[in-house]
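The structure appears right after this line, and notes come after that.
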Amino acid sequence: MKDKERNHSSPSSSKAQSIIRFAYGFADQTSRFISSAVKISAMNSKEDIPSTSKRRIERRDIMNGLKRMKISDSDDQSAPAGELEGETVSDGTPGRELCKEDISQRIAAIVDELHEICEDVRKTLKQDKIDELARATQSTSPDSREEGACYTETKVFAREEEKDKAIKLITDSSASNQKLSVLPIIGNGGVGKTTFARLVYNDSKVKQEFGMRIWIYVSAIFDEVRITEEILEYLSEGKYKSTTKNLSMLQDGIRKHLTKRFLIVLDDVWEENERRWDKLFAPLRCTEIMGNVVLVTTRIKSVTKITNIMEQQINLTGLKEDVFWLFFKRCIFGDENYQGRRKLQKIGKEIVARLRGNPLAAKTVSTLLKRRLEEGYWQRISDGDEWKLQEDNDDIMPALMLSYNHLPYHLQRLFSYCSLFPKGYKFNKDQLVHIWIALGFTTNGRKRPEDTGSDYFDDLVDRSFFEKIEQTQESAFYLMHDLIHDLAQSISADECLTVDGSGPPVASPYVSHISIWTESAYKKNQNGKIERNETFEKGLTAIQSSDILRSLDSLVIIGSYGKTLPIIYAEILGQLKYVRVLRLSADILQSSIANFIHLRYLELRSTEGTLKCLPKSLCRLYHLQVLDVMHWCGLNDLPRDICYLVNLRYLIVPESQAPHLHSKIVRVGELTNLQELKEFHVQTESGFEISQLDNLNEIRGSLRIFNLENVIKRDEASRARIKDKKHLRTLSLSWGRTSCNFSKETLEGLQPHDRLEHLYITNYIGATPSWLGENFALNNLESLYLHDCPGMEILPPFSQLPFLEKLSLVGMSSLKEVKFDFDYASASRDSHSFEEDMSDVDDFALTELEIHKCSKLISLNLLSCKALTTLIIKDCAVLASVNGLQSLNQLNCDIVECPCFQPAPDF
């Protein structure tokens, strides 16, 4: 019996010893490293200069200490069971033993010590905050506040001569006998090649001359298959969706679509291999139309020799001194003719002389200067040591480094992390913020980490470290200029390692983040097969032999690969222990996924379509915050235990799939940290009740609820607490089309909050709920869709919907009248504040109105809808009158299948 007890206690005792060892080591090292950081921070708070070198040394020391703590916490350090059979255990110090009964007191003492250290840090950070506020107060004089805030987007300066030359060359090319001409635009980095090309591309004469215009960002990775694919997608106006990577088939597709004269811009090109250019241009020459043009922007003169068929080129240099000064003033003051603050202008001219007429340098430094319009601050920038590093007249790296050095520490860390991504990478803002959160870069107890991260990213955009290039309904995408990327790589070399085949990887012992990009290292041949790259594989093997993998925080593996790489990747993954961010292919991770217990961010990709469900072992990653399977081809199910991921904030899945994968989360109510739930299907099966929505009050964006016929009572519907989901902007409520046995009052229990912007109700047979009628409170609605709701006779009071722009009424068989007026007196409200706020509004914001299959609708009054631009009325059998049509000048009107309707003579 005693043996059993002894054997049973050994593992826990071993664990206790391991905890004690780690706790002592952690306290000791944390004390030294944080105390060092406090001293440095205290010194910095007394100086009003950026001490980047000190920060870098401090961060390196802390990183090194943390790595040693991680490495020392190894599984093989736990004592053998035999050492733990007595009443004492060793804490690892020779000659000293620790009483088991004293373990809790010792740990408590360690915690108290850490609290004292944290208090020192808190005081120092508080002092930093006071200094920051003091500086802000000093810099908010009336003049500086007004001038610093009036920044506007800079216009293109002094390029008219070059622009006219370029437009003449490309528009006159049709007179030549060339089917395809190439015009290079050459210049140093940051000189404005892309801006100039965009100016030519968007010129009205160019638009008139070329029936098809295509813009493709190339950057350092010249992949003729990808570029050909993008050209084909443009030529087909998005209708051609490639299902092949076979270059010959893509080229055949291009030949079929060359029906108009085209202009193609290839932006930021570095490729010097003539054979690859010939492959790209081959299908573009297969046309009978003359005068087609390719514009190429590049820094490399040898590229112009390969591509230049015209024997002409546009050379861009820095702006002339007088014009550059006007440009610089516009960047800072918003006005190139600004004449105030003469002392600032004098110092500004000293700085401008060092920027060599380079627009990128001017934009970057100006964002730094306009934050504090103070003479002393500007003079320190002008006298900065960074300018001593300037190597030649075209070197603008010191100007970029100056802007980096003046970033707050937290922004420096976020910016340097971006060096993991290759040049030309389109940054998804939301994705990058999620990664920052997973790494603990965005801690702020007063705000959501997403809001903090978004603010930090916007700060980097405002300081010209990113440029916005694309905005979709779901996300925004940004680009980092090549020179900015070079800067990020240079300052992050200690912490970030990128393996891309450009050379043998050299890993610092302090590396915490590794990215592996195979796009440039692995090319597909003519048949679409990937050719092996043994040199690249040797570089990966070299990484395995170092100690950095064990304490790695991030690993990103992106790109295609052959049969050998998965074996190497599996060996790399086997050495990871503390990794928090993983982006890689799903088939690599299958066997080892359960080992990554510290994981916060996981992105899995699969293009094979053979893996249909996530591995069950993934459900043991209890710290996971983001699971991104957007690019998992063929994924159609989720493990039943996914609800165990109690810290999950985002499950990112393909939006096009039906039903949405969010609807397959069993017991979703346990994921109380969830920020998004796109779709929920009410079922009678356990784990899918409407009450699962009870505590999901952090979800935001849109929520679609289907199969509400399975909700029997109003009280049951109320358990969803839809009204408490204050962050929802769009709500869709849908009942089964054939269902008629459910309660007609369930909608009453599904009232949303009053800031909702878009509401959809479908297939509801009950009457209008009070929150859409006499107790209406959804004044913020911008769109309202009521479809197939035969029991609704009453519509919301439109006088209380001043922001409503879209209204769709379909299958409302009980509806007799639709009337838009501002009869506030008839509004049944508890307060007159709303009427007072809207008392100066005399017409509605409604722009689109759609009415279909409203069999009892007799009249429609649009007298107060002066903003209406689209009116569609169809299949309304008894509709007799539509008042107000005559007063609508720009109305796109379509009234069909309404036999009783007689339009006015002047309509």
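Reminder that position 369 of the sequence shown reads as 369 in full-length UniProt numbering, one-by-one numbering, no gaps.
No residue lacks a Cβ here, since even glycine has one placed at the ideal position from N, Cα and C.
If you're wondering where the values come from, they're calculated on a predicted model, not measured in any experiment.
If you draw a straight line from the C-alpha of Q902 to the C-alpha of R448, how long is it? Their Cα atoms are separated by approximately 57 Å.
Beta strand (DSSP E) runs wholly inside the UniProt domain "R13L1/DRL21-like LRR repeat region" (690–812), at least 3 long, in chain order: 701–706, 728–734, 758–762, 783–787 and 806–810
Cβ-Cβ distance between Q625 and L651 below 8 Å: Using a Cβ distance threshold of 8 Å, Q625 and L651 do not count as a contacting pair.
Please state the DSSP three-state secondary structure of T472. coil
Closest to L638 by CA distance: which of S663, V711, Y622 and Y425 is it? S663
How far does the beta strand (DSSP E) with K279 in it extend, from its first residue to its last? Counting along the chain, K279 falls outside any beta strand (DSSP E), though it belongs to the alpha helix (DSSP H) covering E274 to F281.
Straight-line gap, L891 to V294 (C-alpha atoms, nearest Å): 42 Å
Would you mind sorting R463 into buried or exposed? The rule is 16 or more other CB atoms within 10 Å of its CB. Flag for R463 reads buried.
Assigned exposure category for R583 - 16 Cβ within 10 Å defines buried: buried
Mind checking L84: buried by the 16 CB within 10 Å criterion, or exposed? Legend: pLDDT at L84 = 37, less than 50; position of this residue unreliable, no value from coordinates given.
Helix, strand or coil: which one does DSSP assign to N595? helix
Counting beta carbon pairs with one atom in the stretch 770–790 and one in the stretch 739–759, are three or more of them shorter than 8 Å? yes
Whether T364 touches L400 by CB criterion (8 Å): yes
Excluding the five sequence neighbours on either side, which residues of its own chain have a C-beta within less than 6 Å of the C-beta of N697, listed in chain order? D724 and K725
Leaving out five residues before and five after L703 in sequence, what residues of the same chain have Cβ atoms less than 8 Å from its Cβ? For L703, where only same-chain residues beyond five positions count, the Cβ hits under 8 Å are L677, K678, E679, F680, K725, L728, T730, L731 and S732.
Beta carbon of C865 nearer than 8 Å to that of L846: yes
Considering only the alpha carbon of each residue, which of A658, R276, M290 and R285 lies closest to residue 908? The structure shown does not extend to residue 908, since the chain spans only 1 to 907, so no value can be given for it.
Under the assumption that I514 contacts L487 (Cβ atoms under 8 Å), give the Cβ distance between them as a whole number of angstroms. Not really, about 20 Å apart at Cβ, beyond 8 Å.
When you compare the CB positions of residue 912 and L420, do they come within less than 8 Å of one another, or not? The requested residue 912 does not occur in the structure, where the chain is confined to residues 1 to 907.
Please state if the CB of L232 and the CB of H257 are separated by a distance shorter than 8 Å. yes
In the structure shown, what three-state DSSP assignment does T154 receive? Residue confidence for T154 is low, a pLDDT of 43 falling below 50, so the modelled location carries little weight; the figure read from the coordinates is stated next. Correct three-state label for T154: coil.
CA-to-CA distance, L747 to L797, given in whole angstroms: One detail in the question is off: residue 797 reads as Pro in this sequence, not Leu. Those two C-alpha atoms are separated by around 18 Å.
Does the Cβ-Cβ distance between R580 and L674 come in under 8 Å? no
For T443, count neighbouring Cβ atoms within 10 angstroms of its own Cβ and tell me buried if that reaches 16, exposed if not. Around the beta-carbon of T443, fewer than 16 other beta-carbon atoms lie within 10 Å, marking it exposed.
For C900, which three-state DSSP category applies? coil
Cβ-based burial, T535 [other Cβ within 10 Å; buried from 16]: exposed
I believe G811 touches D788 by the beta-carbon criterion, under 8 Å. Please report the beta-carbon distance rounded to the nearest angstrom. 4 Å
Option in A877, L862, D875 and C633 with minimal Cα separation from L888: L862
Beta strand (DSSP E) containing T564: first to last residue? Run containing T564: none; DSSP gives neither H nor E here.
Among the residues of its own chain, which have a CB less than 7 Å from the CB of P654, if the five just before and after it don't count? M630
Just list the alpha helix (DSSP H) runs in the stretch 345–409, keeping only unbroken ones of 4 residues or longer that don't cross its boundaries, in chain order. 359–369, 375–382 and 397–405
CA nearest to the CA of A361, picked from D694, Y404 and M290: Y404
M212: first and last residue of the uninterrupted beta strand (DSSP E) it sits in: M212 to S219 is the span of the beta strand (DSSP E), which, as asked, contains M212.
For R640, is the beta carbon positioned less than 7 Å from some heavy atom of the ligand COA? The ligand content of the structure shown is nil, which means the ligand COA is not present either.
With distance defined between alpha-carbon atoms, name the residue in E209, K320, G424 and S808 nearest to T870. S808
Between the alpha carbons of A586 and L599, how many angstroms are there, rounded? 15 Å
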